[in-house]
Each structure stands twice: as structure tokens, then as C-alpha cells.
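To start, the structure under review is shown below, and the notes come after it.
There are 4 protein chains.
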Amino acid sequence: MAGFQKISRQQGPRPGRPRDPEADRAILQATLKLLTDQGYAGMSVERVASEAGVGKTTIYRRYASKEELAVAAVGILRDDFGPPPNTGNTRTDIIQIIVQNQVALEHGPGFAIIGALLVEERRNPALLELFRERIIRPRKDEAVMVLQRGVDRGEIRADVDLEVAVHAMVGAMFARHILGDLESIKRIEETVDIVWTGLATKPRLPTT
Amino acid sequence: MAGFQKISRQQGPRPGRPRDPEADRAILQATLKLLTDQGYAGMSVERVASEAGVGKTTIYRRYASKEELAVAAVGILRDDFGPPPNTGNTRTDIIQIIVQNQVALEHGPGFAIIGALLVEERRNPALLELFRERIIRPRKDEAVMVLQRGVDRGEIRADVDLEVAVHAMVGAMFARHILGDLESIKRIEETVDIVWTGLATKPRLPTT
Amino acid sequence: MAGFQKISRQQGPRPGRPRDPEADRAILQATLKLLTDQGYAGMSVERVASEAGVGKTTIYRRYASKEELAVAAVGILRDDFGPPPNTGNTRTDIIQIIVQNQVALEHGPGFAIIGALLVEERRNPALLELFRERIIRPRKDEAVMVLQRGVDRGEIRADVDLEVAVHAMVGAMFARHILGDLESIKRIEETVDIVWTGLATKPRLPTT
Amino acid sequence: MAGFQKISRQQGPRPGRPRDPEADRAILQATLKLLTDQGYAGMSVERVASEAGVGKTTIYRRYASKEELAVAAVGILRDDFGPPPNTGNTRTDIIQIIVQNQVALEHGPGFAIIGALLVEERRNPALLELFRERIIRPRKDEAVMVLQRGVDRGEIRADVDLEVAVHAMVGAMFARHILGDLESIKRIEETVDIVWTGLATKPRLPTT
DNA sequence: AACTAATCGAGACGGTACGTCCTGTCTTTGA
DNA sequence: TCAAAGACAGGACGTACCGTCTCGATTAGTT
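Residue numbers (my numbering), protein chains in the order written: chain A, 5 to 212; chain B, 5 to 212; chain C, 5 to 212; chain D, 5 to 212.
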């Protein structure tokens, strides 16, 4: 999985002509464009090559398959995100994170990529795993961390599984997409509020 | 969308040779088998035809595309479900529904199909819509109905959006699959309990 | 080697759509054109397909490889030849045959094809053998037959190996091509005359 | 055509690192091996490089193309030949030459190379010409020279074109290879005898 | 000893073609 | 009219070479 070697620490320059970083960039860019415009099924390695002004070899030298290429392309989206929000208000923070992710997913090839990975899951589970590691899990960790701050501040009970809470809040967004139900900031807030009640140390007031 | 005409309403026997119902069966069966064994990407209409001992034409006369075929195949799974549970205990009922769906999804081609539909979403949104209508929405409606019974019994507040509650509970399951996080009955119960607190008319007792 | 099935004797019409004879024709024609214009190395199956207005599959359904396609294409040249000459004069007949072959080889892809087959000989000897059977051997047999008539007429000795005589006469033509030596009718006649002396029943007069 | 500069006439040692003669050797050796084992089509510059433990650059610095490399590799075979035979008997000498060539061609990549050059003839005629100059023509000249000695001795008529005679004798060998007809010393002798009759000053005795 | 220049192995590059596979359509014969 | 068989156009896949290029490291002669 050459495309993903992270920090090749302390490994003197390998022999041979180094890879062209410009090609790296052009490939991922073209992939992302096609992915966004045409969806995963409509994107082809051949088109990516031609659009990026690059030989097919140059792509396959970096990524072993179309799937892997797509994953890598989505991977670069991550960097657009700033640091996790920290307004001092846990509820505000968690809403902001979810909205952020929702926006990224909805505008962009996010769902299409996830779809492709689910399709390939049986044949090539490593790809989905890779995507999790690189893209999804870091986000989840952010969300959990924000909730953890809530625990530290005494806003959130210490005896609940924060992961499960994140599953519910983030999953609601997935569910709405798959169900075709309307998504909106309001609904995200409603979702958070419902879950929040289950997390909060102070019971909400009984309905009058 | 030939595969889905359920009730050919009152249309005297059409001329010509009638369709072979055995073929219908064999096609869906073979599709389901390949879908389950190889995943969506590994299933091909050609293989289905040969496995079912049927001409490709016979498939395409019934389903307009590979996607539609897959959707129809998944559709037959639905019938395995009995009527929605009604134990008198809303919490028990909703847990049972979610577990039921979780099991069906995890041991079948469910996620692979959903993936394929997400992949195709941009080019062919009708398919995802079809799947929603036929498979997903009925289940959601069941869940909402169960919660509505809770409202009627006074267990659940009347001012919350029950759909949002369902999103959170069902979505958590999706989220765990996509995140690769462990799924279990225990976690499903935890999820329901957290959400339940947000729905219940009686506040939970403050932590001692 | 589907392209070469000869007489499928008495085999009731096979099921399924029959092969398009127009495609057969267009493929071989396009192949021959590219072969002649660009040589064997410059011809590509992809170009043949596009030039013939045909899918690549349609070609590969008939011929297992580029080589086989080329052989088949050259095969259709054979039909341009009329019956072997029979002027009553054996020497005239044999000259005519050789000239005929020389012309066909020199203005067509003949040498390029033979070259390709020699190149492939070690990996795929069947192809060269196929070419021999279909194209070369029939011609040799014609030449031998003409000489045999000479034997019958008493012009040619009965104790010489006529095949060897044909090798020498035809081979001289090959040799000149490979050596890059000038070829001409005059040289063909000289070749035949030299060999002829070795074949003739009547010794040539000693040089004065 | 760097590979063939024989005499770098009087050009004081060029600056820079001199070429490694060991590389020269290893390249041609590996080429010859692959050529013999796999045929021309099965040989690739990449494999030669790796087999010779040499960079591709090092090959392309010496030879401009795969074809040229192959030609050069075959060229080194030539040196295995001793001086042309001179037994005093012209017929014996010429047979020996032809047998020698036949053996060299049949065991070795000779025909495959000739094939490759015929394939490339239209696009790159210079290569075939190079091969003629370097490999084929010298041999033909040897054969003609041997026959010329026969003329000088009065064994062979002075009014025949000796080249044509060589074409016939050598060509018969080519013809047998291409036709797939059995080759043997006996047949070579028969060939020479037939041609010899056409060349000889003394007519052969009429058949009894 | 520093400089210049060509060589070396390694391997990336754009490009082209290969042969395979699949999709969705079309065209046969037979029921 | 439907069925089974299978041919059809089209297009993408991933592989293999070709001939070129760019690296850092040698290895000479020249200053």
C-alpha cells in the first residue's frame, strides 16, 4: 500500500528516480473531481489518468486498485478540517462536529466511497479497514474526546459508554441519508438533545 | 420496473407463453446466493443466469439492471420477518426490532446492497428510492409505530419527534458497522437506554 | 480455434444468435488493410476493432490472439489465386507459379506475417503450423504437382526428390528477400534454369 | 548506432567514466540466453537488464532499441565460425558452409531474429539492413567466394550468376524451415547436387 | 585535491496494447 | 409471447513493455 506509507523515518533516499509529487497531487485531485461529479461507479482509472495527464502505470504504481485510489483521494479531504471545536460548551461542540461531518459527507463523494467500500467488504475488507483508520476513526475520536471533556466538567455522567453515545448521534445522520429522510440542523440538534438527556448528570425537568 | 408489479390488476391472461414462475424463483435464489457469498461487486448477472440455468434475457425481462435485480433479491428476505413485536413493553419491543434488523443486515448481503445503491446514487437515484420504499421504510414505520404505542400508553413524551429517535437507535447500528466497532446486544440495549431517557416522560433518578 | 472450423458436418443449427458474417468479413478486411499499411507490429487488435466497427470481444470470440487473427487475414488472400497454370510446358508453368507467389508476398503483408510467426515459433508453434497448412503447403503442393506432370511427360527425371527442387526454386526467392538482393523475373528464370538442368532427363550441351 | 562503432579512430580517451566492458558482455549474454529460451517476442529489455544485473539505461546507451539489441546479440555468434572451408573440393566446401549455417540458425535465435526484422521491415528497414550487412552478407560472400574458386578451377561454368546459385542452395534451407519440411544433411546434399548439375562445366551422364 | 564529465544501478514516467470480464441489447431457434 | 443460448458494441480493468527521464553514487581524466 505504497500510497499510505506515513513517515518513512530515517530511511536515506531510496535509489532510483523519486516519485513525482506533482503526479501524486494531480492524481488525487482528478480522482476527487471525477468521484464528486460522477460518483464512484462513474469514475474510471483511465479517465483519472487522462485527466491528470499521467500514465495509468503511474497510478497503479501508487494504488493497487480503483478502490484504493478512491480511498486515498477521500483521505486528502481530512486536512480541510481544522482542530476540533472547544467552545467551553460541550453540547455546542458536539453539534458542531456532527454538522461539520454531515456537510463534508453530503457535499462530496463521501457516501459514494463508503458505499463502494461496503460493496467490496467481502472481497477486500482491508480497504474498509484502511478507510476507517485514516478517515473515520480520527473523527470519532474527536467526538469522543469532546464528550470526555463534558465528563471532566461534570456535565456528563461518568458511567455511560461515550462511544455508544457517539454512535447514536452520528448514526442518526447516516440513517437519515439511507432512509431518505430530511436532514437539517434542527434535526441534528434534536438528536443531540435526546441523547444528551440520556447522558446528562442533571435530569431534565418533568414535562409540565 | 417489471420485477415489482405485485398486483397485475384485472388484466385478462395476456397472450403468448406465460412467464415461468420457477425461473423467477431460481433467479432470485441464485442472486441471493452470489450476493451473500461474493458481495455485490463479485456478483454478476452473467453468473446469476448460468447458476440459475436461465438465459440472461430472462433476467433482463424482469429487472432492468443489476442493481434492480439485487434489490429484488434482498426484497424476498423481508418475508422472513413476522409481524412487529408487541409485548406490551415498548422498550422490549423496540430493542427486539433493532436486533432483528441488525441480524438480518449482518448475515446477509444487506450492507453490500446498501453500498451498491449509495455508489449508484448520483447516476440512478431511483434505485435507492425503490429500496427505501420496499425494504427500509416499512421497517422504520414499524419502529415508529412501536414508539407511538409508547406515546399512547404515556411512557413516551408526546412532544418529541419519534423519527429522530428511530434515526438515533437504528443509526447507531449503522455507525458501528461502518466504524468497525463491536456490535452486541448489550450495546444495542445501552443505545436504546440512552435514547429512552430522552424520550421518557418520567425523568430518570439523579445519580446518587 | 473457432475461426477455422471447416465443415461442421451435419450439426443442426446451434442455439443462440448466429455469428454475424458481416462482422467476419469486416474484421478480416480491416486486419488485412492495417497489416498491409502498417506491418504486423504496427497493427493492433484495438485498431482493427474500431476500423471494422466492431467490439474487441467480437474479434476475440473468433481468434484467440493477435497472431491468429493475422494468420486468418492472410488466409483470405489465397482465394485470389486461380487454378495452377497448365500451359503444357513444365518450365513455363513452374516459373509462373513462382512469380505468382513472389508478387503476392512482396506486395502484401506476407513477409511480415511469416516474420511474426517465426518470432512466435517457440512460444506458439501451432500458429506457424496453422499457417503452413492453410497457406503455404497448398502452394507447395501445386508446385510439386506441376513438376510431377513434367515427370509424367518424361521431361523430368523420376529419381529426384521433387520437393527438394521446389525448396531450391522457391527458397531462392526467400533468400533474395532476406539478403536484400535484387529480385526480378530474370533472376527467377535463371534460378529455374539452373535447377532445371539438375532435373532434366536430357543433359544440357557442354559449353562450347 | 552506438553498439556498432568498431574502430573509434584515433579519438583520445574521452573524458568521464569509461563504459564498463563487463556490462557489454553481460548484456549480450543475457540477451542471447533469453532470445534462445523464449524467442524474440518473449524477450524483453527489462528482463535482459535484470538478468544482466544492469540498469535499463546502460542497455539503451548502447543500443537504440530492442531490435538493435537482438541484432547485436546474434552478431556475437558469428565469431564462433572459423574461416571458410577450403578442402580443395568445391562441392564439399559449399555443403559444409550450408550445413554450418543451417546448424547455427536452427539452434539459436536465428529464425526468431530474422522474423522480428521482417515484422519491423516496413517501419524500420534500417535494422534489417544492418543485420544483412553484419551477419548475413558476410556469409553469402563466403559462399560465393567458394563457388568462385570452383570457377577458377574450371569445375563451374563462368557464365552463371553465382549469387543465384547461392540463393537456391541457401534458400532451400529457409524454405524447408518455413514449410516445416524435414531438414537433413541428405537433403542439403541433394539440393547442392541438383544445383551443381546446373553449374557444372561437365554435363552429368544421361540417365541409363 | 578539486573539478568536470560521462557512466552506473535503480526505478519513475507517459504511453500503448494486450487479453479478460461484464453490462445491457439484439437475434436466433424452439416451445 | 416467452424461453435458452449466445452474439453484439462498448468500455473498464489490471498487466506488461517500450523508450525516456531523473536520481545519487562512482570512476575516470584535467586542472
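By construction, the Cβ of each residue, glycine as well, lies at the ideal position given by its N, Cα and C atoms.
No experiment lies behind these values; they were computed from the predicted model shown.
Residue(s) in a DSSP beta bridge with residue i
i: residue 204/C; result: 160/C
Selection from the options that minimises the alpha carbon distance to residue i
i: residue 215/A; options: 52/A, 140/A, 74/A; result: In this structure chain A extends from 5 to 212, so residue 215/A is not present and cannot be described.
i: residue 39/B; options: 137/A, 125/A, 165/A; result: 125/A
i: residue 194/A; options: 177/B, 192/B, 167/B; result: 167/B
i: residue 179/B; options: 90/B, 110/B, 155/B; result: 110/B
i: residue 153/A; options: 186/A, 96/A, 67/A; result: 96/A
i: residue 65/B; options: 131/B, 24/B, 92/B, 104/B; result: 24/B
i: residue 33/B; options: 148/B, 187/B, 80/B, 42/B; result: 80/B
i: residue 42/D; options: 21/D, 26/D, 116/D; result: 116/D
i: residue 192/C; options: 28/C, 27/C, 104/C, 131/C; result: 104/C
i: residue 92/D; options: 155/D, 21/D, 187/D, 26/D; result: 155/D
i: residue 108/B; options: 131/B, 134/B, 140/B; result: 140/B
i: residue 36/A; options: 186/A, 112/A, 18/A, 148/A; result: 112/A
Cβ pair residue i, residue j closer than 8 angstroms
i: residue 170/B; j: residue 114/B; result: no
i: residue 150/C; j: residue 98/C; result: yes
i: residue 128/A; j: residue 50/A; result: no
i: residue 182/D; j: residue 118/C; result: yes
i: residue 56/C; j: residue 76/C; result: no
i: residue 196/B; j: residue 177/B; result: no
i: residue 106/D; j: residue 89/D; result: no
i: residue 120/C; j: residue 58/D; result: no
i: residue 213/B; j: residue 175/A; result: The question about residue 213/B has no answer here: the residues shown for chain B are numbered 5 through 212.
i: residue 164/D; j: residue 189/C; result: no
i: residue 184/D; j: residue 138/C; result: no
i: residue 202/B; j: residue 205/A; result: no
i: residue 68/B; j: residue 60/B; result: no
i: residue 94/B; j: residue 157/B; result: yes
- Task: Note down, in chain order, all residues in the segment 165 to 177 of chain C with a beta-carbon under 8 angstroms from any beta-carbon belonging to chain D.
- Result: Here the close residues are 165, 167, 168, 169, 170, 171, 172, 173, 174, 175, 176, 177.
- Of all the residues that make up the segment 75 to 108 of chain C, which are near chain D by a beta-carbon distance shorter than 8 angstroms? Closer than 8 angstroms at the C-beta level to chain D, one finds no residue of the segment 75 to 108 of chain C.
- Residues in the segment 41 to 52 of chain D having any Cβ partner in chain C nearer than 7 angstroms: Identification of residues in the segment 41 to 52 of chain D having a C-beta nearer than 7 angstroms to some C-beta of chain C yields 42, 43, 44, 45, 46, given in sequence order.
- Message: Beta carbons nearer than 8 angstroms to chain C: which residues of the segment 128 to 144 of chain D have them?
- Response: Residues passing the 8 angstroms Cβ filter: 132, 133, 136, 140, 141, 144.
- Message: Under 8 angstroms, with one C-beta from each stretch per pair, do the segment 137 to 156 of chain A and the segment 134 to 150 of chain B reach the 3-pair mark?
- Response: The segment 137 to 156 of chain A makes no contact with the segment 134 to 150 of chain B: fewer than 3 CB pairs, one atom from each, lie closer than 8 angstroms.
- chain D contacts made by the segment 146 to 163 of chain C, where a contact means CB separation under 9 angstroms: Taking 9 angstroms as the Cβ-Cβ cut-off, the segment 146 to 163 of chain C approaches chain D at 161, 162, 163, given in chain order.
- Item | the segment 113 to 129 of chain B: positions lying closer than 8 angstroms to chain A by Cβ | Those would be 115, 116, 118, 119, 120, 121, 122, 123, 124, 125, 126, 127, in chain order.
- Message: Can you pull out the residues from the segment 185 to 208 of chain D whose beta carbon lies closer than 8 angstroms to at least one beta carbon of chain C?
- Response: Residues of the segment 185 to 208 of chain D that bring their beta carbon within less than 8 angstroms of a beta carbon in chain C comprise 185, 191, 194, 195, 197, 198, 199, 200, 201, 202, 203, 205, 206, 207, 208, in sequence order.
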